[in-house]
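All residue numbers for the sequence shown refer to the numbering used here, where the first residue is 1 and numbers rise by one.
All C-beta atoms in this analysis are idealised placements derived from N, C-alpha and C, irrespective of residue type, glycine included.
Computed from a predicted model, the values in this text were never measured in an experiment.
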Amino acid sequence: MEVTECSDTSVTVKITNDTDKDIECGERFYLEMQNEETGEWREVETVIDDAVFNAIAYIIQKDFPYEKVIDFEWLYGKLEPGRYRIVKTVMDCRGTGDHTDYVFSAEFSI
Numbered sequence: 001m002e003v004t005e006c007s008d009t010s011v012t013v014k015i016t017n018d019t020d021k022d023i024e025c026g027e028r029f030y031l032e033m034q035n036e037e038t039g040e041w042r043e044v045e046t047v048i049d050d051a052v053f054n055a056i057a058y059i060i061q062k063d064f065p066y067e068k069v070i071d072f073e074w075l076y077g078k079l080e081p082g083r084y085r086i087v088k089t090v091m092d093c094r095g096t097g098d099h100t101d102y103v104f105s106a107e108f109s110i
């Protein structure tokens with residue numbers, strides 16, 4: 001996963017599937033900010049409580065990258081200057097109830 005474009009209110013992410021399996025992701029994500037002094041990552045506080053994401057699965061096939069603009073202003077407001085990363089879960093689904101989750105992240109700066 002990589003961030004191909006970013007602003008203080010959105011990012012464009014691209015997830016490339018380099019396997020022979022179909023993988024999938026949903027709309028859920030969260031943002032983390034890096035502490036400049038310690039290098040540690042911490043989750044960015046949301047501006048609303050009880051955020052809800054659509055329950056949808058995007059299939060990511062080999063040689064057909066998933067690319068999407070993710071507007072996060074509704075959830076985080078405008079970001080202050082700093083180093084951030086977006087975090088998403090990608091699943092390898094082998095069948096009903098049989099899957100492995102992988103956590104992907106991609107860094108970007110404002």
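Query, Result
"Best match in ILE86, TYR76 and HIS99 for proximity to MET1 [C-alpha to C-alpha]", "ILE86"
"Pair within 8 angstroms by beta-carbon distance, ILE110 and LEU79", "yes"
"Same chain, Cβ closer than 6 angstroms to ILE15, five either side skipped, listed in chain order", "MET1, ILE60 and TYR66"
"Counterpart residues of ILE60 in DSSP-defined beta bridges", "ILE23"
"Minimum C-alpha distance to THR89 - residue among THR38, GLU37, GLY95 and PHE29", "PHE29"
"Whole-angstrom C-beta distance between GLU32 and TYR84, which should lie under 8 angstroms", "7 angstroms"
"Under the three-state DSSP convention, the category GLU40 falls into", "coil"
"Residue range of the beta strand (DSSP E) that includes GLU67", "66-71"
"Residues sharing a beta bridge with LEU31, DSSP", "ILE86"
"Counted within 10 angstroms of its Cβ, other Cβ atoms place TYR58 as buried (16 or more) or exposed", "exposed"
"Buried versus exposed, by CB contacts within 10 Å (16 or more), ILE23", "buried"
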